[in-house]
Amino acid sequence: MLVLYFLIAIIATIFGSLVGLGGGVVIKPVLDALGSYDISTVGMLSSFTVFSMAVVSILKQIKKGFKIEKNMLVITLGAILGGAMGNHLFTSFLEALNNEGLAKAIQGTILAILLILVLFKEKFPKYHVKNVGALLIVGLILGTIASFLGIGGGPINVMILVMLMNMDIKKAAVTSVLIILLSQFTKIAITGLGAGFGKYDLSMLYVMVPGGILGGLIGAHFNHKMKSETIQKIFNISMVLLVILNVYNVVNGLL
């Protein structure tokens with residue numbers, strides 16, 4: 241089991257760092273499919289792993305010359321606020337529904353729909369939004385969705401950054417990881433300072449966090465080596481596979 245969870249963490253975060261997926265969008269549905277943990281624990285395992293990936297990935301990108309721009313910081317600030325909002329929304333959602341299988345199915349349905357939209361991002365019109373208020377709202381929405389679904393928000397971040405900020409896929413990937421870094425930190429901090437981590441089984445973090453760190457380093461390295469076209473192809477293939485996995489989880493959750 242330890243080897244399996246390490247492999248899940250490292251593979252997810254290699255893709256997360258390389259193409260901006262974050263890793264949570266892979267970890268969450270895979271762990272849901274395995275069924276070893278409840279939905280809240282899966283979200284927390286994902287958050288810690290993705291956060292560890294994002295820290296090393298961003299540090300490596302900065303060392304290689306990546307510059308954090310003002311508009312990125314505005315969106316990230318919105319994402320931090322959204323992360324807190326999404327975490328509260330998720331807790332209320334679970335308490336109101338009181339049905340784990342149905343909750344997984346609803347999350348899987350929302351995620352599958354969003355990933356399908358991401359696949360067709362090139363078909364949507366592109367803008368170059370510069371208004372600070374608009375960028376803050378965009379970040380707020382991204383952070384809320386990411387925290388509610390427990391995925392970090394990677395592919396949705398990339399789609400929005402390409403559409404609204406006219407970024408190429410490589411720059412959008414790195415900016416997505418920056419957003420994930422701070423929004424997931426917020427989620428973890430709020431949980432730790434609030435109810436704490438006592439109700440979660442976080443024993444697998446001993447292998448998932450090292451996997452996330454290693455995956456972040458590997459993905460950031462290849463992000464610089466590969467052409468934008470290659471990253472775009474990897475991104476699209478990943479989206480198709482993730483849609484299929486989430487559809488499976490929806491069906492499984494309703495049975």
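The numbering of the sequence shown is this note's numbering, which starts it at 241 and goes up by one.
The beta-carbon is built from N, C-alpha and C at its ideal position, and this holds for glycine as well.
Which listed residue (the options) has its alpha carbon closest to that of residue i
i	options	result
residue 474	443, 256, 426	256
residue 417	492, 287, 278	287
residue 384	373, 445, 419	419
residue 362	378, 398, 427	398
residue 368	400, 464, 487, 477	400
residue 314	336, 298, 371	371
residue 311	379, 436, 481	379
residue 296	396, 492, 254, 285	254
residue 494	320, 342, 251	342
residue 461	280, 444, 306, 438	306
residue 325	274, 382, 291	382
residue 365	407, 449, 489, 271	407
residue 303	264, 404, 457, 449	457
residue 334	285, 300, 354, 280	280
residue 482	270, 465, 241, 449	270
Limits of the alpha helix (DSSP H) - the one that residue i falls within
i	result
residue 450	445-465
residue 335	310-337
residue 397	394-404
residue 269	264-274
residue 277	From DSSP, residue 277 is part of no alpha helix (DSSP H); its letter is neither H nor E.
residue 420	409-433
residue 479	468-494
residue 258	242-259
Integer-rounded CB distance, given that residue j should sit under 8 Å from residue i
i	j	result
residue 329	residue 388	5 Å
residue 277	residue 441	6 Å
residue 323	residue 376	In fact, because the Cβ distance is near 14 Å, the residues do not count as touching under 8 Å.
residue 463	residue 410	6 Å
residue 454	residue 250	5 Å
**Study point:** Runs of alpha helix (DSSP H) lying entirely within the segment 333-375, each at least 4 residues, in chain order
**Key:** Listed in chain order, they are 340-359.
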